[in-house]
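*Asks:* Submitted below is the structure of interest, expressed as structure tokens.
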Amino acid sequence: MAFEFELRDLSYVPRWSTVRLINPQNVADHQYFTAIYALQICDLLDDGSEIDSVISWEVRFHTVALALVHDLEETFLGDIPGPAKRAIVDRDKLDELSYQEIVARYPSLVDYTAPIGVPGYPDLVRGIIKAASLMDELMLLIQEWRMGNNLLKHVQRNSMNRLEAVWRAIPWDKDELNLIWNTEIIEAIAAAEHGELRHLLG
């Protein structure tokens with residue numbers, strides 16, 4: 359069955375439950391921006407180099423599809439705070455529980471919850487989505503800072519460090535990753551911090 363009504367719960371499940379935010383975020387918002395950023399990362403990697411054929415439309419489709427459902431289990435688990443998840447959660451048990459529940463609740467989406475349709479490239483897809491998810495996290499924190507929330511600067515620095523580590527771990531040409539980080543990504547973050555507009559309509 360498609361169009362499961364419970365999917366809409368994602369717009370009510372809050373992220374950052376232990377952090378004071380001026381503009382709260384829900385999981386549906388996060389998944390949308392993760393998908394957009396994942397698509398943009400595909401474009402950045404696919405710059406005309408000899409290995410650009412890896413980022414085919416098939417790979418892009420599966421990357422965006424997975425990004426749109428990568429936190430689907432939070433409709434029944436909620437958003438477990440990141441530090442706790444990284445420190446104490448048994449990822450294998452959590453993944454198994456999540457898979458079983460998704461099969462039961464959202465059978466029409468099961469095939470999109472893992473990069474199974476892109477033989478040879480699951481690590482690339484996962485790496486792109488991790489980076490895109492952290493980019494959304496960082497952009498949200500920058501937005502909060504620009505609105506006057508000065509409580510999260512240390513969280514923002516930590517997020518930046520994690521994003522760089524995840525970015526450099528993407529299975530791709532390391533020189534190309536380094537170039538993109540030092541140009542496109544650093545420039546985008548700086549533009550966000552300084553409120554620079556990238557369009558004609560001020």
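When you read off a place in the sequence shown, starting at 1, and then add 358, the result is the number in the working numbering.
For glycine and all other residues, C-beta sits at the position ideal for the given N, C-alpha and C.
Please indicate yes or no: does the CB of Ser-456 lie closer than 7 Å to some heavy atom of the ligand GTP?
*Replies:* As presented, the structure is devoid of all ligands, the ligand GTP included, so that no description of it is given.
*Asks:* Is it the case that the Cβ atoms of Ile-486 and His-428 are separated by a distance below 8 Å?
*Replies:* Cβ distance not < 8 Å, so Ile-486 and His-428 don't count as in contact.
*Asks:* Rounded to whole angstroms, what's the CA-CA distance from Ile-500 to Leu-467? Just pull it up for me.
*Replies:* Cα-Cα distance, rounded: 32 Å.
*Asks:* Which of the three DSSP states is assigned to Asn-381 in this structure?
*Replies:* Note: Asn-381 maps to coil in three-state DSSP.
*Asks:* Helix, strand or coil: how does DSSP classify Pro-529 here?
*Replies:* Three-state DSSP puts Pro-529 in coil, outside helix and strand.
*Asks:* Tell me, to the nearest whole angstrom, how far the beta carbon of Arg-373 is from that of Asp-437; I am working on the premise that it is less than 8 Å.
*Replies:* Sure, about 5 Å apart at Cβ, within 8 Å.
*Asks:* Alpha carbons only, please: which of Ile-528, Ala-442 and Ile-460 is nearest the one belonging to Pro-480?
*Replies:* For Pro-480, the nearest C-alpha among the options comes from Ile-528.
*Asks:* Can you give me the Cβ contacts of Ser-456 inside the same chain, cut-off strictly under 6 Å, excluding the 5 residues immediately before and after it?
*Replies:* Within the same chain, Ser-456 has close Cβ partners Glu-431.
*Asks:* So, for Gln-398: in the same chain, excluding its five sequence neighbours on each side, which residues have a beta-carbon less than 7 Å away from its beta-carbon?
*Replies:* There are no such residues.
*Asks:* Note down the Cα distance separating Ala-396 from Ser-491, rounded to an integer number of angstroms.
*Replies:* Their Cα atoms are separated by approximately 8 Å.
*Asks:* Output the boundary residues of the alpha helix (DSSP H) element that contains Ile-543.
*Replies:* Note, Ile-543: premise wrong, no alpha helix (DSSP H); not H, not E.
*Asks:* When the Cα of Leu-379 is compared with those of Asn-519, Val-513 and His-552, which residue comes out closest?
*Replies:* Ranking Asn-519, Val-513 and His-552 by Cα distance to Leu-379 puts Val-513 first.
*Asks:* Tell me, please, which residues DSSP counts as bridged to Pro-372.
*Replies:* The partner list for Pro-372 (beta bridge, DSSP) reads Asn-384.
*Asks:* May I have a chain-ordered list of the alpha helix (DSSP H) segments no shorter than 4 residues that lie completely inside the stretch 397-432?
*Replies:* Within the stretch 397-432, the complete alpha helix (DSSP H) runs of at least 4 residues are 415-427.
*Asks:* If you draw a straight line from the C-alpha of Gly-475 to the C-alpha of Val-483, how long is it?
*Replies:* With a pLDDT of 47 at Gly-475, under the threshold of 50, the predicted position of this residue should be treated as unreliable, though the coordinate-derived value follows. Approximately 11 Å, taken between the alpha carbons.
*Asks:* Check each candidate in Arg-418, Asn-519 and Glu-364 and name the one with the smallest Cα separation from Ile-394.
*Replies:* When each option's Cα is compared against that of Ile-394, the closest is Arg-418.
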